[in-house]
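Novice: When we follow this note's numbering, the leftmost residue of the sequence shown carries the number 8, and every step to the right adds one.
A virtual CB, placed ideally from N, CA and C, is assigned to each residue, including glycine.
Just so it is clear, the structure is predicted and the values come from calculations on it, not from any experiment.
Please read through the structure below; I'll follow up with questions.
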Amino acid sequence: MLTEVCERVLLRPEKKLVRAQLTRLDRAARRETARAARTVLDAATALDHRDVDLQERALDVIARHLRAAGDRVLPELRTAAARINPALAARAADLLGIAPDRLTGQLTGQYADLLPAVSEPRPVPAPIETGVEVAEELAAVVANDKDVVTFERVLNGLVRHAHLDRVALARALKPVMRKEPREAVGFTQSDVYDVAAALRGDKPRERDFTARLKFNAFSPAGELLRARLAEAVDIIKADAQPFLLAVPTDATGALDAAELVRRLSVLDGLGITPAPVDLAQALLRVTPTADEKVLGAAGRLESDAGQRLARWLREGGLPHWESGPANWPDAHSGVHLADWVSHIRPEPAPGPPLLPAAEALIWPYRKSGLCDPMVPFWLAQLPHHRELVVARAGRSRRTG
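Structure below.
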């Protein structure tokens, strides 16, 4: 009976159901050791589950009862383990008495797309020239909220053209406001629609990005996105800035240091203090440089923001951390892939503390992991620290 239930339940997407069934198997084998062989074979069904945490739980059950089950179950278990996540391959191989490469060699293709693809480096086009084009690009973001470059150009376009002629921009936006973004649990780039609605003075849609604050916990990438959107609304209402600092110059999310120095110089000349979240995102994106000309130009900026940038560039920006201990992997055989980076503790960033929304990008996060749809945008928020994003997102899979 248990076997039939396992076949129906252990590959279900509902994690609570799978955990409960593995617990039942474990208890049944504890009560009756004669069931050990059947228990480990039933538990092995979950080695084919897409969630690595559930695979690990199944491996725990197998390890607990393997001795009582005896060697006769090993051939079937080895076959089942061929589908296990690479992070668990070493432990499974050790448990089942086979060479690790017997498993890892079979898994290379299966998990080749585990990490997000690297964006191709390409220049970001110049700022959008007209309000009509801003509206057209806004419609594109609402239709496809995965394009980082288009989102960044639209957000900047709303700020720029609201400063130049807010009435004309509001008129240009009217036709595209009829199409609202799809509903989302977290924050997405299509929420820039709500910035446009605020600019126009429209009634907020029922589930605009501010309404979602009450109901959900969000990824660090989503939290910084929310902070930037809210700040953009404030900038537009107060006409506080003619453009945004944080717009990347490359599709990867990177921001050229010389260009950021130039932008800050313009704001300094106008006597404008940049919005804090905009500045924080710009610092996280700026490309480190050893160019003395650029460093010198930054050092000549007299504003607090300019001096912050100068110090940030001199000190190399956000520190990089090793992605694994020097003696890895021998000293950590069988440890989950995400634990490669469990030792990482980010050092303070140069200068005054980053805002909480920006600091959240580099501090522990244990939510939805690499399956988080915000991961590509997260990578563009920290373009020079992909290993940190992947490490933290990967680590969070264990508690998903």
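When you compare the region 285-299 with the region 256-270, are there three or more beta-carbon pairs, one atom per stretch, that lie closer than 8 Å?
Specialist: Judged by Cβ distances under 8 Å, the region 285-299 makes contact with the region 256-270, as three or more pairs qualify.
Novice: Where does the unbroken alpha helix (DSSP H) through D152 begin, and where does it stop?
Specialist: Along the sequence shown, one-based indexing puts residue 152 at 145. Per DSSP, D152 belongs to no alpha helix (DSSP H) and is neither H nor E.
Novice: Which whole-angstrom value describes the C-beta separation of V161 and L145, a residue pair presumed to lie in contact below a C-beta threshold of 8 Å?
Specialist: For the purposes of this step, residue 161 is taken as residue 154 along the sequence shown, with counting starting at 1. For the purposes of this step, residue 145 is taken as residue 138 along the sequence shown, with counting starting at 1. That pair is a contact at about 5 Å.
Novice: Enumerate in chain order the residues of its own chain whose CB-to-CB distance from P336 is below 6 Å, with the five nearest sequence positions on each side excluded.
Specialist: Within the sequence shown, residue 336 is the residue found at index 329, counting from 1. With a pLDDT of 41 at P336, under the threshold of 50, the predicted position of this residue should be treated as unreliable, and no value is reported.
Novice: Alpha carbon to alpha carbon, what distance is there between A76 and L262?
Specialist: On the sequence shown, position 255 is the one that residue 262 refers to. On the sequence shown, position 69 is the one that residue 76 refers to. Using only the alpha carbons, I get a separation of about 58 Å.
Novice: Could you tell me the distance, in whole angstroms, from the CA atom of V202 to the CA atom of G229?
Specialist: Locating residue 202 in the sequence shown gives position 195, where the first residue counts as 1. Locating residue 229 in the sequence shown gives position 222, where the first residue counts as 1. Cα-Cα distance, rounded: 16 Å.
Novice: Indicate the three-state DSSP secondary structure (helix, strand or coil) for V293 in the structure shown.
Specialist: Position 286 of the sequence shown holds residue 293. Strand.
Novice: Do A175 and L206 count as a contact pair if the criterion is CB distance below 8 Å?
Specialist: For this step, residue 206 is matched to residue 199 along the sequence shown. For this step, residue 175 is matched to residue 168 along the sequence shown. Cβ atoms of L206 and A175: not closer than 8 Å.
Novice: Taking Cβ to Cβ, would you say D49 is nearer than 8 Å to K22?
Specialist: As a position in the sequence shown, residue 49 is number 42, starting the count at 1. As a position in the sequence shown, residue 22 is number 15, starting the count at 1. Taking 8 Å as the Cβ cut-off, D49 and K22 do not qualify as a contacting pair.
Novice: With distance defined between alpha-carbon atoms, name the residue in A97, P390, V183 and V273 nearest to D257.
Specialist: Residue 257 sits at position 250 when you count from the first residue of the sequence shown. The candidate whose alpha carbon is nearest that of D257 is P390.
Novice: Measuring only the C-alpha atoms, how far is F216 from T280?
Specialist: Looking up residue 216 in the sequence shown gives position 209. Looking up residue 280 in the sequence shown gives position 273. Distance between the alpha carbons of F216 and T280: 26 Å.
Novice: With DSSP run on the structure shown, which of helix, strand or coil describes T111?
Specialist: Start at 1 with the first residue of the sequence shown, and residue 111 comes out as number 104. With a pLDDT of 47 at T111, under the threshold of 50, the modelled position of this residue cannot be trusted; read the value that follows with caution. Helix at T111.
Novice: Could you say which of L103, L252, D154 and R74 lies nearest to P283 if we only look at CA atoms?
Specialist: Your numbering for residue 283 matches position 276 in the sequence shown. Here the closest residue by C-alpha is L252.
Novice: What do you get for V240, buried or exposed, if any count of 16 or more other CB atoms within 10 angstroms of its CB means buried?
Specialist: Locating residue 240 in the sequence shown gives position 233, where the first residue counts as 1. Buried, by the Cβ-count rule.
Novice: Can you list, in chain order, the residues of its chain whose CB lies under 7 Å from that of E14, leaving out five sequence neighbours each side?
Specialist: On the sequence shown, residue 14 is found 7 positions in, with the first residue counted as 1. Contacts found: T52.
Novice: Going by CA-CA distance only, name the one from P182, K181, Y200 and A179 that's closest to R189.
Specialist: Sequence index remark: in the sequence shown, residue 189 carries index 182 (1-based). Taking only the C-alpha atoms, the option nearest R189 is Y200.
Novice: Taking A6 as the reference, which of I69, R74, D78 and R79 has the closest Cα?
Specialist: In the structure displayed, the chain extends from 8 to 407; residue 6 sits before or after that span and is not available.
Novice: Identify, in the order they occur along the chain, each residue of the same chain with its Cβ nearer than 6 Å to the Cβ of A44, setting aside the five sequence neighbours on each side.
Specialist: The count along the sequence shown starts at 1 and reaches residue 44 at position 37. A76 and V80, listed in sequence order.
Novice: Which residues in the same chain as R64 place their Cβ atom closer than 6 Å to its Cβ, once the five residues preceding and following it in sequence are excluded?
Specialist: The residue given as residue 64 occupies position 57 in the sequence shown. Only L29 meet the Cβ criterion.
Novice: Does the beta-carbon distance from L95 to L61 come in below 8 Å?
Specialist: Counting from 1 along the sequence shown, the entry for residue 95 is found at position 88. Counting from 1 along the sequence shown, the entry for residue 61 is found at position 54. No, Cβ-Cβ distance for L95 and L61 is not below 8 Å.
Novice: If V166 sits next to Q248, beta carbons under 8 Å apart, how far is it from one beta carbon to the other, in whole angstroms?
Specialist: By one-based count along the sequence shown, residue 166 stands at place 159. By one-based count along the sequence shown, residue 248 stands at place 241. The Cβ separation is near 6 Å, so the contact holds.
Novice: If you reduce the DSSP assignment to three classes, tell me which class P132 lands in.
Specialist: As a first step, residue 132 must be located in the sequence shown, where it is residue number 125. In the structure shown, P132 sits in coil (DSSP, three-state: anything other than H, G, I, E or B).
Novice: Kindly indicate which residue of G306, N92 and L236 has the alpha-carbon position closest to the one of A204.
Specialist: Taking the first residue of the sequence shown as 1, we reach residue 204 at position 197. Of the candidates G306, N92 and L236, the one whose C-alpha sits nearest the C-alpha of A204 is L236.
Novice: By the three-class DSSP mapping on this structure, what secondary structure does D246 have?
Specialist: Taking the first residue of the sequence shown as 1, we reach residue 246 at position 239. Of the three classes helix, strand and coil, the one that applies to D246 here is coil, per DSSP.
Novice: Considering only residues of the same chain and omitting the five flanking positions on each side of A304, which have a CB-CB separation below 7 Å?
Specialist: Here residue 304 refers to the residue found at position 297 of the sequence shown. If we look at A304 and ignore the five residues flanking it on each side, its Cβ neighbours are V268.
Novice: Residue range of the alpha helix (DSSP H) that V183 falls in?
Specialist: Counted from its first residue, the sequence shown places residue 183 at position 176. Taken as a continuous stretch (DSSP letters only), V183 belongs to no alpha helix (DSSP H), as it is neither H nor E.
Novice: Secondary structure at D257, three-state DSSP: helix, strand or coil?
Specialist: Here residue 257 refers to the residue found at position 250 when the sequence shown is read from its first residue. Looking at D257 - three-state DSSP - the assignment turns out to be strand.
Novice: Which one of A99, P93, R71 and P211 has the shortest CA to CA distance from L84?
Specialist: Residue mapping note: residue 84 aligns to position 77 of the sequence shown, counting from 1. Closest option to L84, Cα to Cα, is A99.
Novice: Quick check on the DSSP output: the alpha helix (DSSP H) that includes R90 runs from which residue to which?
Specialist: The count along the sequence shown starts at 1 and reaches residue 90 at position 83. From DSSP, R90 is part of no alpha helix (DSSP H); its letter is neither H nor E.
Novice: In angstroms with no decimal places, state the Cα-to-Cα distance between A218 and V139.
Specialist: As a working mapping, residue 218 is identified with position 211 in the sequence shown. As a working mapping, residue 139 is identified with position 132 in the sequence shown. Straight-line Cα distance between these residues: approximately 28 Å.
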